[in-house]
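Structure record follows, encoded as structure tokens.
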Amino acid sequence: MINEQEIVQNIKDLVSIPSPSGYTGDAISYVGDFLKKENVPFYLNRKGGLIATLKGKDDSKHRLLTAHVDTLGAMVKEIKGSGRLKLTMIGGFRWNAVEGEYCKIHTADGKTYTGTILMHQTSVHVYKDAGEAKRDEDNIEVRIDEVVKTKEETEKLGISVGDFVSFEPRVELTESGFIKSRHLDDKASVGILMHLIKLVKDNNIELPYTVNFLISNNEEIGYGGNSNITDETVEYIAVDMGAIGDGQSTDEYSVSICAKDSSGPYHYELRKHLVRLAQEHSVDYRVDIYPFYGSDASAAIRAGFDIKHGLVGAGIAESHAYERTHVSSLRHTANLLLHYVQSELA
Numbered sequence: 067m068i069n070e071q072e073i074v075q076n077i078k079d080l081v082s083i084p085s086p087s088g089y090t091g092d093a094i095s096y097v098g099d100f101l102k103k104e105n106v107p108f109y110l111n112r113k114g115g116l117i118a119t120l121k122g123k124d125d126s127k128h129r130l131l132t133a134h135v136d137t138l139g140a141m142v143k144e145i146k147g148s149g150r151l152k153l154t155m156i157g158g159f160r161w162n163a164v165e166g167e168y169c170k171i172h173t174a175d176g177k178t179y180t181g182t183i184l185m186h187q188t189s190v191h192v193y194k195d196a197g198e199a200k201r202d203e204d205n206i207e208v209r210i211d212e213v214v215k216t217k218e219e220t221e222k223l224g225i226s227v228g229d230f231v232s233f234e235p236r237v238e239l240t241e242s243g244f245i246k247s248r249h250l251d252d253k254a255s256v257g258i259l260m261h262l263i264k265l266v267k268d269n270n271i272e273l274p275y276t277v278n279f280l281i282s283n284n285e286e287i288g289y290g291g292n293s294n295i296t297d298e299t300v301e302y303i304a305v306d307m308g309a310i311g312d313g314q315s316t317d318e319y320s321v322s323i324c325a326k327d328s329s330g331p332y333h334y335e336l337r338k339h340l341v342r343l344a345q346e347h348s349v350d351y352r353v354d355i356y357p358f359y360g361s362d363a364s365a366a367i368r369a370g371f372d373i374k375h376g377l378v379g380a381g382i383a384e385s386h387a388y389e390r391t392h393v394s395s396l397r398h399t400a401n402l403l404l405h406y407v408q409s410e411l412a
């Protein structure tokens with residue numbers, strides 16, 4: 067029933083829409099247009115996030131699934147005398163992860179300019195310390211693809227402090243089944259939830275409980291999913307990336323079920339429920355702990371909501387850089403969620 071090609075197409079479309087935290091309107095509109103075609107009711111909250119609802123047989127108890135459409139990015143901090151731009155980060159990444167990347171500058175009057183994120187000391191023919199110079203806000207700059215030689219010439223383009231800067235995704239699907247791109251965190255999960263909604267609608271699947279879908283737009287800065295949670299919500303699952311690295315059990319081929327992250331343990335009974343569902347339905351899964359991580363579900367707990375919270379997601383390699391996962395991980399994640407929304411409460 068899971069259509070991997072549909073999920074991949076959703077992801078390719080989504081990662082191609084610039085949406086650093088604070089600049090997510092176009093990505094949210096994309097999801098909204100999809101929901102309109104599927105005749106799924108939704109509304110936008112004041113923060114700019116989207117909440118869609120699939121009614122269940124029991125509307126007195128709700129589930130909430132969330133994924134975030136906002137991504138890492140940057141903002142213009144200063145226009146240098148040379149006409150190039152200094153940046154400030156949006157979200158938690160390292161400058162070396164975006165050094166050399168193509169980018170777009172989005173001006174307040176709706177214009178878009180392209181550029182490249184570079185070290186000021188890039189040329190090895192000029193700078194002896196090109197390799198050793200610190201990668202930080204002082205040395206990283208944007209070379210704009212326009213004829214500008216001074217601060218004033220850049221300002222004449224309409225570029226100013228506070229303009230958003232997005233990173234090119236460079237999305238690609240390999241013959242071996244890998245999808246590699248920036249911003250799979252968390253547009254891979256948004257693409258999965260869109261497919262899940264379509265499956266439920268197209269196959270007239272009766273849900274035992276009402277399910278709300280929150281497409282949040284501020285997760286990368288810490289507060290995307292800590293509001294708009296109905297009083298009836300019993301279970302809240304963040305669908306986000308599984309962290310891969312040394313000491314981790316998560317891989318690129320299965321669904322990752324998080325037991326604990328930097329916020330502490332996730333709800334034990336809900337986690338066991340997800341594991342049982344995976345085992346019963348031959349879903350390949352890994353239980354893991356993410357040491358430097360927080361989710362919209364943990365943000366909701368911190369905000370004081372009385373819910374059972376969980377975290378699952380596809381395994382994403384090289385997170386917050388040039389990311390990659392396999393279609394099998396997307397399939398297993400979607401399959402677990404499809405069985406979850408049809409199951410009894412934990």
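Just so you know, my numbering puts 91 at position 25 of the sequence shown, and the rest follows in order with no gaps. The beta-carbon is built from N, C-alpha and C at its ideal position, and this holds for glycine as well. Model, not experiment: these values are computed from the prediction.
Pair within 9 angstroms by beta-carbon distance, residue i and residue j
i	j	result
ILE281	ILE382	no
SER302	HIS405	For the record, residue 302 in the displayed sequence is Tyr; it is not Ser. Their beta carbons are not under 9 angstroms apart, which means TYR302 does not touch HIS405 by this criterion.
TYR334	LEU377	no
PHE159	ALA344	no
SER148	LYS215	yes
LYS246	ARG236	yes
THR296	GLY224	no
ARG129	TYR275	yes
ALA362	THR132	Reading the sequence as shown, one finds Asp at residue 362 and not Ala. Yes, these two residues count as a Cβ contact at 9 angstroms.
ILE271	GLU104	no
Cβ neighbours of residue i in the same chain (closer than 6 angstroms, five flanking residues each side left out)
i	result
VAL407	LEU273 and VAL277
HIS134	ASP252, SER282, GLU285 and GLY290
SER394	TYR319
ILE373	THR299 and TYR302
ASP92	ILE83
Cβ neighbours of residue i in the same chain (closer than 7 angstroms, five flanking residues each side left out)
i	result
GLN314	ASP354
THR90	GLY114, VAL135, ASP136 and ASN283
LYS326	TYR332 and ILE355
Which of helix, strand or coil DSSP assigns to residue i
i	result
HIS191	coil
HIS392	strand
PHE371	coil
ILE355	strand
LEU280	strand
THR299	strand
GLU221	helix
GLY376	strand
GLY288	coil
ILE382	strand
LEU411	coil
TYR89	coil
LYS246	strand
GLU238	strand
GLU212	coil
Cβ-based neighbour list, residue i, same chain, cut-off 8 angstroms, excluding 5 preceding and 5 following
i	result
LEU153	ALA140, MET141, VAL142, LYS143, ILE183, GLU203, ILE206, GLU207, VAL208 and VAL231
SER126	GLU298
ASN269	MET67
ASP124	PRO274, TYR275 and THR276
ASP175	GLY224
* In chain order, each beta strand (DSSP E) run of at least 3 residues that lies wholly inside the stretch 305–349 -> 321–327
* Secondary structure, beta strand (DSSP E): runs of 3+ residues fully inside the stretch 117–185 -> Every beta strand (DSSP E) of 3 residues or more that sits fully in the stretch 117–185 is shown, in chain order, as 124–134, 139–145, 151–156, 168–172 and 178–185.
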